[in-house]
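Student: Quick one: this structure, given as structure tokens, is what I'll be asking you about.
Numbering (the numbering used here), first residue to last: -3 to 424.
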């Protein structure tokens, strides 16, 4: 289902923001917990219809799962890497978990039937190369997946997130080292894998490279689902740019990624602080992030390996509303060529903003009183591009109509959260 959104200028957002939890990590943690031996407790898991589909599919594969709606704690009894049982019914999945479960099933000695609406065209090829077999019409769902217990490790370039995710989960039960070259940047699943004892190494070599040595026992550990990182960045950007804003984002996990992003924003003149430091349910360090409207300045910023495409998307938007020139230098090829970054830059340029690409540097000519000169943009059916244009609408003088939007539960939840704290986003 598709829709059109209207995003118009507001003067502030305010309040204590209980941020949406990471939907992808909720699915990933459920599937990973099924691959450990023992009981895993997951705190703050997203609970919606999509998660229920994942839980139902894992139940069909022999995994016992209990969920307490009051405490938001999910308990999973794992059966070890490759421990799935042959399902007695087809698995219906219409979410990212289909790629995770396909990866796990590729190593299992039975045939599984999967159905849903997700695209699996690019996922099938690497799993075929590793040894799995598929019976499908034009590489589309529904599909019969015939597992192979002697999967082969391969080196493969994954050009989309679904392919990358499927290969990561297939590699867990594949003897040897599987190498995934990702053109889509980092993956939030990797820290969770390392936390559970998977043998994973990551490095940057023009692209992001993931090496996984399989058939290693995963440890049973409790997990706490973090805030949705992209949603959090969108609130930070709006609050900084709108001078009358003051918000507090609750329960921010203090990773190197968010601390480095915070450092860059401080350098730009951002008025934001971590307060109320404490530990979460599993002992991780968290804090609340207090953000006030700020007078922002352009900076020179070298590429940081802790940064990924998401951070750069928002730094570009923030730089447009800063005084002076911002230079983002030493950027990696996969970031400069990212389709989302290109789309946002093209639309900003159409709106009258000057942005130059010189070699591996991005140069943004900012002005704190920018008036973008357009009112219709194309979201290209992309969730993150939609959020970026919603943000631009809230901080621009023009009303922006956004077309070609895929209507999803996650998007509706973010719209509801923004409107709760002062936005006026409308669905038409």
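Glycine residues also receive a C-beta, built at the ideal position from the N, C-alpha and C atoms.
Is the beta carbon of residue 243 less than 8 Å from the beta carbon of residue 287?
Tutor: yes
Student: From the DSSP secondary-structure annotation, give me the bridge partner or partners of residue 201.
Tutor: 203
Student: Starting from residue 345, follow the alpha helix (DSSP H) in both directions and report where the run begins and ends.
Tutor: 335 to 346
Student: By Cβ distance, which residues of its chain are closer than 8 Å to residue 0, with the 5 residues on each side in sequence left out?
Tutor: 397, 398, 399, 401, 423, 424
Student: For residue 383, collect the residues of the same chain with a Cβ closer than 6 Å to its Cβ; drop the 5 residues on either side in sequence, then sort them by chain order.
Tutor: 230
Student: Compute the distance between the beta-carbons of residue 418 and residue 8, then report whether it is under 8 Å.
Tutor: yes
Student: Alpha carbon to alpha carbon, what distance is there between residue 211 and residue 79?
Tutor: 12 Å
Student: Tell me the residue span of the beta strand (DSSP E) that contains residue 75.
Tutor: 69 to 75
Student: Indicate whether residue 311 and residue 353 have their beta-carbon atoms separated by less than 8 Å.
Tutor: no
Student: Out of curiosity, what's the CA-to-CA distance linking residue 268 and residue 392?
Tutor: 22 Å
Student: To the nearest angstrom, how far is it from the Cα of residue 58 to the Cα of residue 190?
Tutor: 25 Å
Student: Is the beta carbon of residue 147 within less than 7 Å of some heavy atom of the ligand FAD?
Tutor: With respect to the ligand FAD, the structure shown offers nothing to examine, as it has no ligands at all.
Student: Using a Cβ-Cβ cutoff of less than 6 Å, which residues in the same chain neighbour residue 110 once the five nearest sequence positions on both sides are dropped?
Tutor: Result list for residue 110: 87, 139, in chain order.
Student: I'd like the list of long-range same chain contacts for residue 509, defined as Cβ closer than 6 Å, with 5 residues on each side in sequence excluded.
Tutor: The structure shown does not extend to residue 509, since the chain spans only -3 to 424, so no value can be given for it.
Student: Tell me the residue span of the alpha helix (DSSP H) that contains residue -1.
Tutor: Segment -2 to 3 is the beta strand (DSSP E) holding residue -1; no alpha helix (DSSP H) there.
Student: Using only CA atoms, which one of 157, 103, 410, 329 lies nearest to residue 95?
Tutor: 157
Student: Beta-carbon separation of residue 77 and residue 195 under 8 Å?
Tutor: no
Student: If I'm right that residue 33 touches residue 74 with Cβ under 8 Å, what's the distance once you round it to whole angstroms?
Tutor: 6 Å
Student: Whose CA, out of 330, 224, 281, 149, lies closest to the CA of residue 208?
Tutor: 149
Student: If I'm right that residue 327 touches residue 299 with Cβ under 8 Å, what's the distance once you round it to whole angstroms?
Tutor: Here residue 327 really is in contact with residue 299; their C-beta atoms are around 5 Å apart, less than 8 Å.
Student: Where does the unbroken beta strand (DSSP E) through residue 432 begin, and where does it stop?
Tutor: Residue 432 is absent from the model: the chain starts at -3 and stops at 424.
Student: Using the Cβ count rule (16 or more neighbours within 10 Å means buried), how would you classify residue 17?
Tutor: buried
Student: State the start and end residues of the unbroken alpha helix (DSSP H) segment that holds residue 138.
Tutor: From DSSP, residue 138 is part of no alpha helix (DSSP H) but of the beta strand (DSSP E) over 136 to 142.
Student: Excluding the 5 residues preceding and the 5 following residue 377 in the sequence, name in chain order all residues of the same chain whose CB lies nearer than 6 Å to its CB.
Tutor: 400, 402
Student: Starting from residue 258, trace the beta strand (DSSP E) in both directions and tell me its first and last residue.
Tutor: Segment 252 to 263 is the alpha helix (DSSP H) holding residue 258; no beta strand (DSSP E) there.
Student: Measure the C-alpha to C-alpha separation of residue 289 and residue 10 and round it to an integer number of angstroms.
Tutor: 10 Å
Student: Since residue 103 and residue 143 should fall inside the 8 Å C-beta cutoff, what is the C-beta to C-beta distance between them, to a whole number of angstroms?
Tutor: About 6 Å; that satisfies the 8 Å criterion.
Student: Helix, strand or coil, according to DSSP, for residue 31 in the structure here?
Tutor: The three-state secondary structure of residue 31, taken from DSSP, is coil.
Student: If you reduce the DSSP assignment to three classes, tell me which class residue 393 lands in.
Tutor: coil
Student: Among the candidates 83, 123, 256, whose CA atom is the shortest distance from the CA of residue 135?
Tutor: For the options 83, 123, 256, the alpha carbon positioned closest to that of residue 135 is the one of 123.
Student: Residue 225 lies in the alpha helix (DSSP H); which residues open and close that run?
Tutor: 225 to 237
Student: Can you say whether residue 333 is buried or exposed, counting buried as having 16 or more other CB atoms within 10 angstroms of its CB?
Tutor: Per the 10 Å Cβ criterion, exposed.
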